[in-house]
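Numbering of the sequence shown is given in this note's numbering, commencing with residue 69 and proceeding in unit increments.
Cβ atoms here follow ideal geometry from the backbone N, Cα and C, with glycine treated the same way.
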Amino acid sequence: MMTKRLGAVLLLGLSVLVGCSELDSQGSGLPTLPPTLTALPPSTPTDVPIPDPVNLPSVDWEDIEKFRAAMRPAFANDIDDFVNHNRYYIEASLVFENGVLILHGAERVRYTNRSEDDLNEIVFRLYPNLPAFGGRMNVFRTTLNGEAFEPNLTERNSALVFPLATPLEPGESAEMTLEWTLTAEKGIMGGYGEYGYQHDVFSGPEWYPMLSVYDEETGWWVDRPTSMGDAVYSETGLYEVLLTTPEDFVVVMSGSEIESFAASNDMTTHHYVSGPMRDSLLVTGPSLGKLTEQVEDITLNVYYWPGDEVAAEEVMKISLDSMRIFNEQFGPYPYAEFDVAETFNLSGIEYPGIVIIAQRNWLPGNNFLEVTTAHEIAHQWWYSLVGNDQVHQPWLDESLTSYSEYVYHLGVYGEKRVKEVIEGDRDYYNYYRGTGAADLVLNLPVSAYTDSNYGMIIYTKGPLFYVELEEMLGRETFMKALQTYFERYRYQVVRSADILNTFEEVSGQQLDEVFYQWVGNFPGLDQKVVEEMEARQNQQTQ
């Protein structure tokens with residue numbers, strides 16, 4: 069997510085404003101970060117009737133051939149490793165009633181217990197019900213292993229719990245069906261503006277009931293995230309979706325469309341499959357334009373609003389450069405398709421196989437358009453493919469993605485430009501420290517930061533930490549470590565110890581001290597080093 073990131077490209081131009089900017093509550097005098105939109109509560113004016121039952125077909129979960137179409141040929145066999153991961157078969161239709169966009173959906177989901185624990189429940193998340201989204205999702209007619217079942221709603225209707233009479237043992241699977249409606253009132257959106265229906269475009273992240281994550285130490289993830297940062301924590305799975313829309317609607321969805329066919333009453337059904345992806349985004353509307361290019365054997369699509377064709381050409385160039393550079397520097401993007409879509413969000417947001425860029429930035433020659441697009445595309449490597457708990461360890465994807473902006477600038481403009489960008493970030497960070505504002509470590513949950521320091525610590529201090537590592541290890545060793553990290557943890561969920569261990573292994577150096585200085589303490593860090601450094605710090609303060 070780019071909302072809190074002010075890149076050095078912009079900060080150099082903002083420096084003249086620092087002297088006259090209003091002091092914050094700590095007297096920092098820092099330029100104001102982009103505002104967070106106020107989340108609006110669900111406010112659909114009319115009750116949405118429960119639709120007729122959907123007769124979902126049975127699913128042969130062992131048949132995975134169709135999913136290979138969503139992968140580049142060299143990575144088609146990656147599908148084989150996900151037969152027993154989260155599996156979704158979804159049928160949905162989009163209709164309009166009294167000015168409200170409504171998705172009627174039904175899904176068949178198979179969950180396999182890949183932990184070493186016996187599970188007493190299975191949990192889904194209903195993300196649109198969070199205040200940060202501002203939607204309304206209602207679930208009804210649920211089954212568990214073929215029998216009618218009544219799950220429990222909790223966490224202010226954002227978590228749906230299926231208690232299990234017989235615990236699900238390691239390696240065992242359960243199959244559930246859920247029918248649901250999702251509504252979006254025109255003009256209503258919350259948080260960063262990622263969810264909503266405006267300008268005849270619907271943007272629907274996590275638009276379906278979605279399996280939560282089970283952790284052997286903490287149990288099922290049911291947190292209600294703060295208004296800052298990303299709200300979703302998820303694991304990789306395979307999706308098959310049949311979405312029916314008005315025939316003039318353009319559909320943009322995570323994965324690849326393998327067919328479309330006419331449905332009744334001027335409607336069209338779009339059949340999508342995904343590669344191993346950790347969630348799904350849906351963007352759709354009747355007036356989206358489309359540009360298409362190839363980068364290697366990846367189809368790259370740019371979807372834009374009427375009148376924004378010139379900016380779309382610029383976004384295409386930025387996207388082609390970003391994909392080329394990141395493929396070379398980090399490792400190959402494995403999916404057959406990648407999409408960039410213009411929407412009404414606050415800045416830019418990442419999803420598997422898709423990024424959305426705010427219409428207000430969709431201007432030719434806008435530096436923030438370039439930085440935002442490159443940043444969100446880098447998230448395909450750091451979040452989409454190498455996943456993490458974005459709520460409790462946001463630095464793992466956001467700081468590395470912000471460092472990737474430097475990689476982009478180096479690849480497009482050369483050494484001189486990237487040094488200017490890095491020095492701009494250093495000046496901004498040092499100015500911040502000089503005000504006496506809290507210089508927090510990186511390895512904290514989103515809730516530990518404030519709206520005034522989250523962007524500074526995660527998006528500016530974070531990438532500077534990686535610059536420090538690169539200078540310590542040398543660029544060649546540093547990039548080899550990043551490539552190893554990507555290859556090793558592609559499709560997985562990482563912790564802070566995973567990146568530490570990878571960099572130590574590849575470099576042959578002990579890095580606990582520099583990680584502790586910048587990142588803070590975390591499981592896997594050498595506690596003897598921590599104790600020694602804390603003792604030195606105590607001596608210096610006495």
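Notebook entry, point to check: Is DSSP giving Y517 helix, strand or coil here?
Noted result: In the sequence shown, the residue the question calls residue 517 occupies position 449. Reduced to three states, the DSSP call for Y517 is coil.
- [ ] Can you grab the Cα-Cα spacing for the pair T294 / S332, in whole Å?
- [x] The residue given as residue 294 occupies position 226 in the sequence shown. The residue given as residue 332 occupies position 264 in the sequence shown. C-alpha separation (whole angstroms): 42 Å.
- Query: Is W430 helix, strand or coil when you go by DSSP?
  - Reply: As a working mapping, residue 430 is identified with position 362 in the sequence shown. Correct three-state label for W430: coil.
- Return the chain-ordered list of same chain residues with a C-beta closer than 6 Å to the C-beta of Y371, the five sequence neighbours on each side being excluded. Position 303 of the sequence shown, counted from the first residue, corresponds to residue 371. So the qualifying residues of the chain are V320, L356, K358 and A409.
I525 - containing beta strand (DSSP E), residue span
By 1-based counting over the sequence shown, the position of residue 525 is 457. Premise fails: I525 is in no beta strand (DSSP E) and is neither H nor E.
query = For E262, is the classification buried or exposed, using 16 other Cβ atoms within 10 angstroms of its Cβ as the cut-off for buried?
reply = The residue labelled residue 262 in the question sits at position 194 within the sequence shown. Flag for E262 reads buried.
**Prompt:** Taking the continuous beta strand (DSSP E) assigned at S472, which residues delimit it?
**Reply:** Residue 472 sits at position 404 when you count from the first residue of the sequence shown. Segment W463 to Y481 is the alpha helix (DSSP H) holding S472; no beta strand (DSSP E) there.
- Message: On the criterion of 16 or more Cβ atoms from any shown chain inside 10 Å, does H529 qualify as buried, or is it exposed?
- Response: Position 461 of the sequence shown holds residue 529. For the sequence presented, residue 529 should be read as Lys rather than His. K529 should be labelled buried.
message = Can you find the residues in the same chain that come closer than 7 Å, C-beta to C-beta, to N181, ignoring five residues on each side of it along the sequence?
response = Along the sequence shown, one-based indexing puts residue 181 at 113. Correct list, in chain order: L187, L236, E237, P238, G239 and E240.
Worksheet item: Using the beta-carbon count (16 or more within 10 Å), is F583 buried or exposed?
Response: Looking up residue 583 in the sequence shown gives position 515. It is buried - the Cβ of F583 has at least 16 other Cβ atoms within 10 Å.
Who pairs with E262 in a beta bridge, going by DSSP?
Position 194 of the sequence shown holds residue 262. In DSSP, E262 forms no bridge with anything.
request  = Less than 8 Å between the CB atoms is what I'm expecting for Y522 and M384, so what's the real figure, rounded?
outcome  = By one-based count along the sequence shown, residue 522 stands at place 454. By one-based count along the sequence shown, residue 384 stands at place 316. Wrong, their Cβ atoms sit about 31 Å apart, outside the cutoff.
Do Q427 and F406 come within 7 Å of each other at the CB atom, strictly closer than that value? Taking the first residue of the sequence shown as 1, we reach residue 406 at position 338. Taking the first residue of the sequence shown as 1, we reach residue 427 at position 359. Cβ atoms of F406 and Q427: not closer than 7 Å.
Check: Is DSSP giving H447 helix, strand or coil here?
Finding: Mapped onto the sequence shown, residue 447 falls at position 379. H447: coil per DSSP, three-state reduction.
- Mark G203 as exposed unless 16 or more other C-beta atoms lie within 10 angstroms of its C-beta, in which case mark it buried. Residue mapping note: residue 203 aligns to position 135 of the sequence shown, counting from 1. Classification for G203: buried.
S317, DSSP secondary structure in three states: For the purposes of this step, residue 317 is taken as residue 249 along the sequence shown, with counting starting at 1. Checking the sequence shown, residue 317 turns out to be Phe, not Ser. Correct three-state label for F317: coil.
Q) On the premise that I424 lies in contact with G416, defined as a C-beta separation below 8 Å, what is that separation, rounded to the nearest angstrom? A) Taking the sequence shown and counting its residues from 1, the one referred to as residue 416 is at position 348. Taking the sequence shown and counting its residues from 1, the one referred to as residue 424 is at position 356. Yes, they are in contact, since the Cβ atoms of G416 and I424 sit about 7 Å apart, within 8 Å.
Smallest Cα separation from M335: which of L349, L310, L350 and S348?
Walking along the sequence shown from the start, residue 335 turns up at place 267. The option with the nearest alpha carbon to M335 is L310.
Q. Between A505 and Y496, what straight-line distance do the alpha-carbon atoms span, to the nearest angstrom?
A. Locating residue 505 in the sequence shown gives position 437, counting from the first residue. Locating residue 496 in the sequence shown gives position 428, counting from the first residue. So the alpha carbons of these two residues sit roughly 13 Å apart.
- Spatial distance of E491 from E483 (CA atoms): In the sequence shown, the residue the question calls residue 491 occupies position 423. In the sequence shown, the residue the question calls residue 483 occupies position 415. Roughly 12 Å separates the two Cα atoms.
Helix, strand or coil: which one does DSSP assign to A142? As a first step, residue 142 must be located in the sequence shown, where it is residue number 74. If DSSP states are grouped into helix, strand and coil, A142 belongs with the helices.
| Which whole-angstrom value describes the C-beta separation of V127 and R176, a residue pair presumed to lie in contact below a C-beta threshold of 8 Å? | By 1-based counting over the sequence shown, the position of residue 127 is 59. By 1-based counting over the sequence shown, the position of residue 176 is 108. Confirmed, Cβ separation roughly 6 Å.
> Going by C-alpha distance, which of A549, R193 and E165 is nearest S280?
Replying inline: Your numbering for residue 280 matches position 212 in the sequence shown. Selected option, being the one with the closest Cα: R193.
**Asked** Beta carbon of Q397: closer than 6 Å to some heavy atom of the ligand SAM?
**Response** Ligands in the displayed structure: none, and consequently the ligand SAM is not present.
* To do: Taking T552 and V587 to be in contact with their CB atoms under 8 Å, please state how far apart those CB atoms are, rounded to whole angstroms.
  => Working through the sequence shown from its first residue, we reach residue 552 at position 484. Working through the sequence shown from its first residue, we reach residue 587 at position 519. Not really, about 19 Å apart at Cβ, beyond 8 Å.
Note to self: With distance defined between alpha-carbon atoms, name the residue in V300, E381, A227 and G353 nearest to R346.
What the structure shows: Counting from 1 along the sequence shown, the entry for residue 346 is found at position 278. Closest option to R346, Cα to Cα, is V300.
- [ ] For M601, collect the residues of the same chain with a Cβ closer than 7 Å to its Cβ; drop the 5 residues on either side in sequence, then sort them by chain order.
- [x] Against the sequence shown, residue 601 aligns to sequence position 533. Around M601: E581 and Y584.
Option nearest E133 by Cα separation, candidates R140, H267 and A144
For this step, residue 133 is matched to residue 65 along the sequence shown. For the residues R140, H267 and A144, the minimum Cα distance to E133 belongs to A144.
Original post:
Is N154 closer than 7 Å to G343 when the C-beta atoms are compared?
Top reply: Counting from 1 along the sequence shown, the entry for residue 343 is found at position 275. Counting from 1 along the sequence shown, the entry for residue 154 is found at position 86. No, these two residues do not count as a Cβ contact at 7 Å.
Could you give the residue range of the alpha helix (DSSP H) that holds Y557? Position 489 of the sequence shown, counted from the first residue, corresponds to residue 557. Unbroken alpha helix (DSSP H) run through Y557: R543 to Y557.
What are the residues that DSSP puts in a beta bridge with M345? In the sequence shown, the residue the question calls residue 345 occupies position 277. DSSP, once it has assigned bridges, lists G305 as partnering M345.
message: Determine whether the beta carbon atoms of P273 and L221 lie at a separation below 7 Å.
response: By 1-based counting over the sequence shown, the position of residue 273 is 205. By 1-based counting over the sequence shown, the position of residue 221 is 153. Taking 7 Å as the Cβ cut-off, P273 and L221 do not qualify as a contacting pair.
According to the Cβ coordinates, are N511 and S564 closer than 7 Å?
The residue given as residue 511 occupies position 443 in the sequence shown. The residue given as residue 564 occupies position 496 in the sequence shown. Yes, the pair counts as a contact, with Cβ atoms nearer than the cut-off.
**Q.** Chain-order list of residues whose beta-carbon lies under 6 Å from that of P462 (same chain, five-residue window excluded)
**A.** If you number the sequence shown from 1, residue 462 lands on position 394. Cβ neighbours of P462 beyond the five flanking positions: G297, V514 and I526.
**Request:** Look at the alpha carbon of K254 and the alpha carbon of D268, and state the distance between them as a whole number of angstroms.
**Result:** As a first step, residue 254 must be located in the sequence shown, where it is residue number 186. As a first step, residue 268 must be located in the sequence shown, where it is residue number 200. One C-alpha to the other measures close to 8 Å.
Handout entry: C-alpha gap between V509 and A160, whole angstroms
Key = Taking the first residue of the sequence shown as 1, we reach residue 509 at position 441. Taking the first residue of the sequence shown as 1, we reach residue 160 at position 92. Rounded to whole angstroms, V509 to A160 spans 44 Å at the Cα level.
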